Amino acid sequence: HLNTLQKLYAELLTTSNKRLSDLETLLDFIQSATNQLVWLNEREETEVTRDWSDKELNVPALEQYYESLMSELEKREIQLSAVQDRGEALLLQHHPAAKCIEAYMSALQTQWAWLLQLTLCLEKHLKHTAYYQQFYRDVKETESWINKRDELLNSVYSNSEFTLDEGERLLKGMQELREELNTYGEVIATLAERAQNVVPLKQRRAPVARPLPVLAVCAYKQDNIVIEKGEQWVLHDNSGRVKWRVSNGSNSSDCNVPGAVFLIPPPDKEALDAVERLKRQFERSLALWQRKQLRMRQNMIFATIKVVKSWDLAQFLAMGADQRNAIRKALNEDAGKLLAEGDPADPQLRRLKREMDEVNRLFDEFERRARAEEEGKNAMRQLTEQLSNLQAKLDEAEHMLNLRLTAPVPRDLDSLEHLVIQHKDFETNLKSLTSEVEAVQSTFRSVTRKTPQMQAKVDKVLAQWNSLWNSSHLYIERLKCVEIVLTGIEDCNNVLSEFELKLAAFQEMPSELDNLKTVHEQLVSLQKEVSATQPAIDQLIDDSHNCRRLVEKSRAQTHRGGAHIDLDRVDTDVTRITQRWNNICSQLVDRMRNCEAAFNLLSKFKNSYQSEVMIVDESYEKLNSIPPVQVKETVDLTKQAMEEKYRLCDDTLSQLLSWVAEVEDRLASQDVAQEDIDQLRNQINILKLVKEELESQARPVANCLDQVRVVVTTGGEYLSRDEVLSLEKNGKALRLRYDRANDRTDKLMRRLTAAKDELNKFKSELTTFTSWLDKARHSLEDRERSFAQLNKMDVSSESTREFVSDVIAHQADLRFITMAAQKFFDESKEYLTCLNEFRTSLPARLPHVEPVSPQDSAVRNTVQVITQQYRDLLGRANALSDRLSGVGGRQREYRDALDKARAWLRDAEPRANKVLSEPVAADPHTLEDQLSRAKTLNNEFVAQGRLIDNAKQAVESLVRSVEGQVSPGELASLQEPVRDLEAKYRQLSDSLAQKCQLLETALVQSQGVQDALDSLLAWLNSAENTLKDMTRPVSLQKERLEDRLREHRVLQSDIDSHQPSVESVSRTAQDLINTASNPRLAKKIETKTKDVVTRYEKLQDKCHRLGESLSEVHHALCLFSGEAAELERWLGEASEALSEATTVVRVDELCKQRDSRKDRLETTLRDGRTLISKKDVTDTGNVRDRVKALETQWRELNLLLEDRQRLGKARTEQLMAYEKLRD
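Those letters in the sequence shown? Residues 1 to 1223, by full-length UniProt numbering.
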């Protein structure tokens, strides 16, 4: 029983432990699922209870919330999947609480799907709400804009007395205002179109008077209610905080569904009403503009008539006929239009008609008197115009011709042909100016009163004309001479190549006497051809000297001294041809000498051979004629003679084979082609010695082989078979090895000679290029040092462009150097291949000779160094050109900004002085007019302060770009005009502000307290509305932000100018209150005064805080933009440098530069994100895109650097492994 009890206890314990484990697992799963459900329910509650009809809904904050929600959903999806996976695992393990687990999993899945649908609702409602708010903001801005234009029409454009200039400005302003109105007509039409798409958000909380159609923006499935996205339902009741009562048609039952699921479709009636209101307001503004414009036209005509009547003849003539006719035509047209449009009984129009008749008579009289004066000046004016036009064309032609004269001479006939065609067009264009030259001479002859200055101008133009033709003819002669030289070089190259090929065909001499005689005759014929070509070579040398003389003569006026590099290259080509010609002549002489020597040796050999044959024949005849006994003796003697000849032959063969083996060893012991010209020449000389030795042994080898042939032929009866076979085998081996050694020697010599020629060419081109590179580097350094002279910037810019063009043009010379080096490597490779083939064909089968490694190759390293130096020079030249372009652009911006500011200030200063010098009027009406004009001018000064700011920014940008490169004196000369301009602007601006305050105070004092308080209240209402319009989200687009800053400065100036008025009214009102006899009136005035002071202080404080906020955002945006631009520039340069980087050192250097900029990048990104996350900012897309672009570029650069580092490491490991294998 005890065992049974123990067994039962063990089973109970196991069951209890499993039960406890299941409960713990279930509890853990339920807690995780509950956490997820709580989070999902919180998000659901947030979305279904959100009130989309709220006017104060913060759309930017909601957009950020939406982005964070979507990001959080991505993270939550992973956690939810983990919980679901745990549930699935428990179900697969047949957990006892499977139904509970399934219920939780189903709830999680359902709630997750519902939350995803709610995110669709959030996205859709957010889009429509942003559209809704933006629409009403635009409507409000448009209303404010129209009100401001109405105010402008009723104030500035209501003046009846003005000067002509003021009238022109007013009319121009009226026309610009009309264009603005037309533009805003399109804006209102666009708003009308947009109103059709505005969703009635207020209707979501307004009581439903009758069923409304609504659209489902997401799918909804719950409690047997199935709604698909895009379905149309009917809304019956929206009074619930969360759910609406809706139905799917007229016959279906109602159901309660969260209101977030539905969207009330557009349009919004309030939006349509707002647009209609805008249209009516806009039409009233157009009608007001037409009335004001008609009255201003009348006043403008009277002002013009007044000015015309004040003219005298000198003023009339000073204007010019076109301007006078334009004024008269404009006056008559404008008056005619007004007379046609107006009432004939209007006294103003009758007066206008009388005045116009008098003006037309005055014009006729002035025209008659001016005609006589004009005829005398026409000839002089025509001559001046002709001279100016002709001078400009001649200067352009001279500049073009000088560029061609200083350009390098072409290196090929195609380029020359292109230049010839270009110059033909140039001369055609120059000939077309002949008629203009003759016209100038004819006009000058017709001028009655000739001045010395005019005579000098004509003489200068005619001298320039003759000089141009002389230079053009000289340039034609130069082109002809260059063509002769290039054609001569090409012809000589072809002839020399043909001679070289012919000479190469005479490498081996034939063994037959007749054939050898034929070769000798061919060499003699070739020598005649060479002699006939000698005059062409001499002529080419003379032509090259003549070409240099003509080119130097053509460049006498433009060349700055120093060598003519292009002519040096031509002389190098001619020198190279001369060297080849001398080599051909010397080789031809050597070939003929060798041929003659071979002919003599072969003749001697033939004679000796014939004598030997005759001796053998005589021996046979004697042998046949003697008796048998004597024959036997003779046979014995012959056998002894044959054996002796065999021994001699065998000994000679052995010696020659030993000699051939030594020659083969000497050939096989040759090294790779040397990269030093002297060492390479020594290699060639060694091979020449081998070749000469082979040629010197040609006769003994031939004699030996002939003896072998005779012995093998005649000794079969007296020698053993093995002896004959051995002798024949050794003879064939000698012939084979001798021919192979001779052939290989010739091939190796040809390859080394070709390699030497290419190395010579490489050295020659390298010397010329290095000389130019040094000069160009010094020139670049001089240009970089002269960068400080801003007054010579235009000249430096032009010469720098020419210098950069010259640097780019020398890229072809670098390519020639690279090609010569590559040809040298190719010939060296062929030489080494031939040498290794010979080494492996020897009986010892020697191993290959290894080529020179790229790291040890002096030529390759030189090419890399010179290429890198050229690239550095080109990069520095381009950088200097870019910097000059940048500084030139900033200098032009500085001049333009300074000129615009000066022009405006020059125009505004007299008007400001006029306003400042006017005494303060006594009556309120005149005071109001003075104040209106002073405020208008003051507002113009505040608004045009951007011109001064632009000039300051331009000079600061220019100073930053040349800082450290120009003298302090030049910097001061740049900054001084801007400081003077700013000081004058500040002085006038401050004076105008004080004048406005003075006029405000005087106006208040001239009015009663009640009128002054009412006027200030009206101004406060307008200023508060303006400030309210300004308190919209701050744009992160720099242009819009700066416009907002200018608007704020105008408002701030207006507020500050009203401070004395407020203080004055407050003091006057207080005095009146203290002495008032009517308590009700005193109480009323006190209330109004407190209201004015309180509202003014609040307005001042709000405007100040708004200014600080705008300035803070502007400073942060400028800082971010500058840092981002610098980082973008460096990232672009780093990517380009990385694409060209070929060494590990360069990649490591870029990594160091990247690491040094990491903190700067993080700071810039943090500043950008801070800008985006600021409250009340809009137009964040540009900054956000820039932040993302910086992050992407940085990430891509890191990946590229990692790849390059990994490849560099792998390449280093491979190289180390290779070196280890070599060792």
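Beta carbons are placed, not taken as given, at the ideal position from N, Cα and C, and that holds for glycine.
This structure is a prediction, so every number in the text was calculated from the model and none was measured.
query, result
"For the structure I just gave you, are there three or more beta carbon pairs, one from the region 519-531 and one from the region 452-462, closer than 8 Å?", "no"
"Who pairs with PRO258 in a beta bridge, going by DSSP?", "LYS243"
"Hey, out of ASP651, LEU286 and VAL1092, whose CA is closest to PRO1060's CA?", "VAL1092"
"Straight-line CA distance for LYS1028 to ALA271?", "21 Å"
"Note down, in chain order, each residue of its chain lying with its Cβ closer than 6 Å to the Cβ of GLU830, except the 5 sequence neighbours on either side.", "ARG751"
"Going straight from the alpha carbon of ILE1055 to that of ILE948, what length do you get?", "22 Å"
"Measuring alpha carbon to alpha carbon, tell me which residue in LEU294, GLY320 and LEU331 is nearest GLU341.", "LEU294"
"With a threshold of 6 Å on Cβ separation, who are the neighbours of SER16 within its own chain once the five nearest residues in sequence on each side are excluded?", "none"
"For ALA82, count neighbouring C-beta atoms within 10 Å of its own C-beta (all shown protein chains included) and say buried if the count is 16 or more, exposed if not.", "exposed"
"Measuring alpha carbon to alpha carbon, tell me which of THR714, CYS595, LYS688 and LEU694 ends up nearest GLU643.", "THR714"
"Within the same chain, show all residues whose beta-carbon is closer than 6 Å to that of LYS900, passing over the 5 residues directly before and after it, in chain order.", "LEU947"
"Would VAL307 and LEU164 qualify as a contact pair, given that the criterion is a beta-carbon distance under 7 Å?", "yes"
"When burial is assigned at 16 or more other CB atoms within 10 Å of the CB, is TRP469 buried or exposed?", "exposed"
"Tell me whether VAL631 sits in a helix, a strand or coil according to DSSP, three-state version.", "The predicted model places VAL631 with a pLDDT of 47, which falls under 50 and marks its position as unreliable; any figure quoted below should be read in that light. Of the three classes helix, strand and coil, the one that applies to VAL631 here is helix, per DSSP."
"Quick one: any contact between the region 773-781 and the region 837-852, if contact means 3 or more CB pairs under 8 Å?", "no"
"If you draw a straight line from the alpha carbon of LYS756 to that of VAL420, how long is it in whole angstroms?", "37 Å"
"Using alpha carbons as the reference points, say which of ALA993, ARG1067 and VAL1065 lies closest to LEU1051.", "ALA993"
"Going by CA-CA distance only, name the one from TRP1194, THR1180, LEU1201 and ARG1206 that's closest to PRO60.", "THR1180"
"With 16 other CB atoms within 10 Å as the buried threshold, where does ASP543 fall?", "buried"
"ASP1014 by DSSP, collapsed to three states: which one?", "helix"
"Flag this pair as yes or no: are the beta carbons of LEU416 and GLU512 separated by less than 7 Å?", "no"
"When DSSP labels each residue in this structure, what does PRO213 get in the three-state scheme?", "strand"
"On the premise that LEU69 lies in contact with ALA181, defined as a C-beta separation below 8 Å, what is that separation, rounded to the nearest angstrom?", "What sits at residue 181 in the sequence shown is Leu, not Ala. So it is not a contact: roughly 45 Å between Cβ atoms."
"Under the assumption that ALA702 contacts SER828 (Cβ atoms under 8 Å), give the Cβ distance between them as a whole number of angstroms.", "Incorrect: roughly 34 Å between the Cβ atoms, too far for contact."
"Should the region 244-258 be regarded as contacting the region 149-159, the criterion being three or more beta carbon pairs within less than 8 Å?", "no"
"So what does DSSP say about TRP114, is it helix, strand or coil?", "helix"
"What does a CB cutoff of less than 8 Å around LEU540 pick up in its chain, not counting 5 residues either side in sequence?", "VAL485, GLY488, ILE489, CYS492, VAL574 and ILE577"
"Report yes or no: do three or more beta-carbon pairs, one from the region 63-79 and one from the region 213-227, lie closer than 8 Å?", "no"
"Where does TRP233 sit, in a helix, a strand or coil, going by DSSP?", "strand"
"By Cβ distance, which residues of its chain are closer than 8 Å to ALA1134, with the 5 residues on each side in sequence left out?", "LEU1150, GLN1153, ARG1154 and LEU1197"
"Enumerate, from N- to C-terminal direction, the unbroken alpha helix (DSSP H) stretches of 4 or more residues contained entirely within the region 402-432.", "413-431"
"Pick helix, strand or coil for SER669, following the three-state DSSP scheme.", "coil"
"Hey, is the region 1164-1171 in contact with the region 1099-1106, meaning 3+ C-beta pairs nearer than 8 Å?", "no"
"Would you say the region 858-873 touches the region 812-826, given that touching needs at least three Cβ pairs under 8 Å?", "yes"
"May I have the straight-line CA-CA distance separating GLN64 from ILE30, to the nearest angstrom?", "32 Å"
"Between the Cα of VAL461 and those of PRO700, LEU474 and PHE444, spot the shortest distance and give me the residue it belongs to.", "PHE444"
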